[in-house]
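K.L.:
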Amino acid sequence: MHLLGLAAWLLFVLAFIPAVRSRLGARLLGGIAQQHRIHHWLGLSAGFVVLIHVVFELVSEPDSAFAFDDPYLTSGWIALFVLLIGLGFSFTKSLAHRKWVLIHWSLLIALLAAFLHGQAYLHQENLDRLVFYAAVLIATVSIALIFGLRLFEQKWIIVDIRERSPALYEIGLKATGKAGRGFKAGSIVFAQFGRGFSRAWHPFSIASCENNPVMRLLIKSVGTDTSHLLDLRQGSLLSILGPFAEFGVSPEEDQVWIAGGVGIAPFLGMTRCLDFRNSGAIRLVHYQAVEEPDLAREFAAFQLRHSQFLWKTRVTQQADFSEVREWTKERSGFKFLVCGPPAFMRSARKFLIRAGTPSSNIHTEEFSPW
Ligand SMILES: Cc1cc2nc3c(=O)[nH]c(=O)nc-3n(C[C@H](O)[C@H](O)[C@H](O)COP(=O)(O)OP(=O)(O)OC[C@H]3O[C@@H](n4cnc5c(N)ncnc54)[C@H](O)[C@@H]3O)c2cc1C
32 MHLLGLAAWL LFVLAFIPAV RSRLGARLLG GIAQQHRIHH WLGLSAGFVV
82 LIHVVFELVS EPDSAFAFDD PYLTSGWIAL FVLLIGLGFS FTKSLAHRKW
132 VLIHWSLLIA LLAAFLHGQA YLHQENLDRL VFYAAVLIAT VSIALIFGLR
182 LFEQKWIIVD IRERSPALYE IGLKATGKAG RGFKAGSIVF AQFGRGFSRA
232 WHPFSIASCE NNPVMRLLIK SVGTDTSHLL DLRQGSLLSI LGPFAEFGVS
282 PEEDQVWIAG GVGIAPFLGM TRCLDFRNSG AIRLVHYQAV EEPDLAREFA
332 AFQLRHSQFL WKTRVTQQAD FSEVREWTKE RSGFKFLVCG PPAFMRSARK
382 FLIRAGTPSS NIHTEEFSPW
């Protein structure tokens, strides 16, 4: 049935819209993590409908299904093959991040092959043509934006680099252009480190308050680029894209912040805002594999200065969230903001749901590359 092919094409194209990193898109879709989630679900749905389309064609026209002398049929098989490889590696997470990025870019080949296949087998009814070519327009604009918006990078000058512990660095930055001051605490920027580093764009949370003229990133040393941040020099330039909205919860609301490891970064920024504005009751629990005494001193000082701020930290390999339980019971009005690596996020969400927290009160910022 040709409608299956058309639906698969449309879903595949729609997956490219949330792949565009635009500030407006992130705001409209509820944050960049939510935007990525929508991208994943559209990609997965496209793969699913493509498979049904292929099975249907194999059953209904088995004799011509493998006519590889037809370039347009072959391009359909190429699209299927590349799409399934891309989806497979994304959802099994079985590839190192940088290799996965290359595979993911190859989905552009799948898109082109699907276009060639689709326009050759397109039914000539007006509605089919309208949907198909509207999708071509959406794909073209989305891809142009994916590449084009990268040109809107801003240069920020490094004002200081602090080693907060052997594997944790804090970089202070000042805007050189019209941005003028730091971005909202907890929002996301993509940074490219410049000479001596790879050309990859890395997502980081803003770990400072927007009222502060120096914007700060708290970065854990984990890999190719973040393992030699001390090579950066005071006065050198960093390229920044963003900021992208996250955590759309008003500071006036009572909230519990749950951080895993370097997932403390956005909460550090939001805590630093306590010196500048009023807030509801804040409860922060930080689960970490190793102690961070320098960070602990800073949070303890905030706790002394601001009575509405209560902070706890626990060194553990496996958070059981027992420290959070009392606040899930205390009153239902608390918003829960969770940030950390994917496994931590999954167990935090499971815990909160089991403790009776409505999903609408759980807000997440996941440090997942997929
Ligand atoms: C929304 C978001 C916010 C983040 N905020 C912070 C933050 O405030 N501080 C911080 O230290 N880290 C943060 N991260 C993770 C950070 O982006 C990666 O640790 C960093 O990009 C690794 O770069 P690398 O070249 O050193 O690592 P690589 O050598 O490329 O990879 C090393 C490890 O880092 C992981 N990684 C690589 N790229 C990414 C990526 N784009 N996103 C997530 N993990 C990645 C890989 O899976 C791998 O396990 C955030 C990630 C996301 C998605």
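Numbering-wise (my numbering), the sequence shown opens with residue 32 and increments by one. Built from N, CA and C at the ideal position, the CB exists for glycine as well.
Which residues in the same chain as Asp51 place their Cβ atom closer than 8 Å to its Cβ, once the five residues preceding and following it in sequence are excluded?
P.N.:
Within the sequence shown, the letter at position 20 stands for residue 51. Residue identity check: residue 51 is Val in the sequence provided, not Asp. Correct list, in chain order: Ser173, Leu176, Ile177, Leu180.
K.L.:
If we ignore side chains and look at the alpha-carbon of each, how far apart do Ala332 and Pro49 end up?
P.N.:
For the purposes of this step, residue 332 is taken as the residue at position 301 of the sequence shown. For the purposes of this step, residue 49 is taken as the residue at position 18 of the sequence shown. So the two alpha carbons sit approximately 40 Å from each other.
K.L.:
How would you call Pro234, buried or exposed, if buried means at least 16 neighbouring beta carbons within 10 angstroms?
P.N.:
Within the sequence shown, the letter at position 203 stands for residue 234. With 16 or more Cβ atoms within 10 Å of its Cβ, Pro234 is classed as buried.
K.L.:
From Gln339 to Val287, what does the alpha carbon distance come to, in whole angstroms?
P.N.:
One-based indexing of the sequence shown puts residue 339 at position 308. One-based indexing of the sequence shown puts residue 287 at position 256. Going by the C-alpha atoms only, they are around 12 Å apart.
K.L.:
My guess is that Ile289 and Ala379 are in contact by the Cβ rule of under 8 Å, so how many angstroms apart are they, rounded?
P.N.:
Taking the first residue of the sequence shown as 1, we reach residue 289 at position 258. Taking the first residue of the sequence shown as 1, we reach residue 379 at position 348. Yes, Ile289 and Ala379 are in contact; Cβ-Cβ is about 5 Å, under 8 Å.
K.L.:
Just to check, is the beta-carbon of Thr255 closer than 8 Å to a non-hydrogen atom of ligand 1?
P.N.:
As a first step, residue 255 must be located in the sequence shown, where it is residue number 224. Yes, the beta carbon of Thr255 sits closer than 8 Å to at least one heavy atom of ligand 1.
K.L.:
Quick one: grab the DSSP three-state call for Cys240.
P.N.:
Position 209 of the sequence shown, counted from the start, is the residue given in the question as residue 240. Coil at Cys240, not helix or strand.
K.L.:
Any chance you could list the alpha helix (DSSP H) runs of at least 4 consecutive residues sitting entirely within the segment 82-162, in chain order?
P.N.:
If we require 4 residues or more, the alpha helix (DSSP H) runs fully inside the segment 82-162 come out as 102-123, 128-136, 138-151.
K.L.:
Given this structure, state the Cα-to-Cα distance separating Ser252 from Ser196, to the nearest angstrom.
P.N.:
Your numbering for residue 252 matches position 221 in the sequence shown. Your numbering for residue 196 matches position 165 in the sequence shown. Their Cα atoms are separated by approximately 10 Å.
K.L.:
Do Val245 and Val44 have their C-beta atoms within less than 9 Å of each other?
P.N.:
Against the sequence shown, residue 245 aligns to sequence position 214. Against the sequence shown, residue 44 aligns to sequence position 13. No.
K.L.:
Closest by CA to Val220, which one among His394, Arg54, Ser390, Val80?
P.N.:
Here residue 220 refers to the residue found at position 189 of the sequence shown. Among His394, Arg54, Ser390, Val80, the Cα nearest to that of Val220 is on Arg54.
K.L.:
Would you call the segment 97-108 in contact with the segment 147-165, where contact means no fewer than 3 C-beta pairs closer than 8 Å?
P.N.:
The answer is yes - the segment 147-165 touches the segment 97-108, with three or more Cβ pairs under 8 Å.
K.L.:
Under the DSSP definition of a beta bridge, which residues are partnered with Phe221?
P.N.:
Along the sequence shown, read from residue 1 onward, the residue named residue 221 stands at position 190. Answer is Pro234, Leu272, bridged to Phe221.
K.L.:
Going straight from the alpha carbon of Leu248 to that of Ile69, what length do you get?
P.N.:
In the sequence shown, residue 248 corresponds to position 217, counting from 1. In the sequence shown, residue 69 corresponds to position 38, counting from 1. Rounded to the nearest angstrom, the two C-alpha atoms are 27 Å apart.
K.L.:
Going along the chain, which residues of its own chain have a beta-carbon closer than 7 Å to the beta-carbon of Ala38, five neighbours each way excluded?
P.N.:
The residue given as residue 38 occupies position 7 in the sequence shown. Excluding positions up to five away in sequence, the list reads Val80.
K.L.:
What residues are listed by DSSP as bridge partners for Tyr318?
P.N.:
The residue labelled residue 318 in the question sits at position 287 within the sequence shown. For Tyr318, which the question treats as bridged, DSSP gives the partners Gly291, Arg345.
K.L.:
I need the DSSP call for Asp191, collapsed to helix, strand or coil.
P.N.:
For the purposes of this step, residue 191 is taken as the residue at position 160 of the sequence shown. Looking at Asp191 - three-state DSSP - the assignment turns out to be strand.
K.L.:
Whole-angstrom Cβ separation of Asn392 and Arg303, contact assumed at under 8 Å?
P.N.:
Here residue 392 corresponds to residue number 361 of the sequence shown, with the count starting at 1. Here residue 303 corresponds to residue number 272 of the sequence shown, with the count starting at 1. 24 Å between Cβ atoms; not a contact.
K.L.:
Taking 9 Å as the cut-off, decide whether the C-beta atoms of Ile202 and Arg264 are in contact.
P.N.:
Within the sequence shown, the letter at position 171 stands for residue 202. Within the sequence shown, the letter at position 233 stands for residue 264. Result no, Cβ atoms of Ile202 and Arg264 do not sit closer than 9 Å.
K.L.:
Quick one: what's got a C-beta closer than 8 Å to Glu396's C-beta in the same chain, skipping five residues either side?
P.N.:
The residue given as residue 396 occupies position 365 in the sequence shown. Gly62, Ala64, Gly217, Ile219, Ser236, Glu277, Phe278, Gly294, Pro297, Leu368, Val369, Cys370.
K.L.:
Can you tell me which of the three DSSP states Thr255 falls into?
P.N.:
Within the sequence shown, the letter at position 224 stands for residue 255. Thr255 falls in the coil class under three-state DSSP.
K.L.:
Under 8 Å from any heavy atom of ligand 1, does the C-beta of Ala296 make it?
P.N.:
For the purposes of this step, residue 296 is taken as residue 265 along the sequence shown, with counting starting at 1. Checking the Cβ of Ala296 against ligand 1 gives yes.
K.L.:
Rounded to whole angstroms, what's the CA-CA distance from Arg377 to Ser399? Just pull it up for me.
P.N.:
Sequence index remark: in the sequence shown, residue 377 carries index 346 (1-based). Sequence index remark: in the sequence shown, residue 399 carries index 368 (1-based). Roughly 11 Å between the two C-alpha positions.
K.L.:
Taking the continuous beta strand (DSSP E) assigned at Ile202, which residues delimit it?
P.N.:
Your numbering for residue 202 matches position 171 in the sequence shown. Note, Ile202: beta strand (DSSP E), 199-206.
K.L.:
Under 8 Å from any heavy atom of ligand 1, does the C-beta of Glu354 make it?
P.N.:
The count along the sequence shown starts at 1 and reaches residue 354 at position 323. No, since every heavy atom of ligand 1 falls outside the 8 Å radius drawn around the Cβ of Glu354.
K.L.:
Pick helix, strand or coil for Lys215, following the three-state DSSP scheme.
P.N.:
Taking the first residue of the sequence shown as 1, we reach residue 215 at position 184. In the structure shown, Lys215 sits in coil (DSSP, three-state: anything other than H, G, I, E or B).
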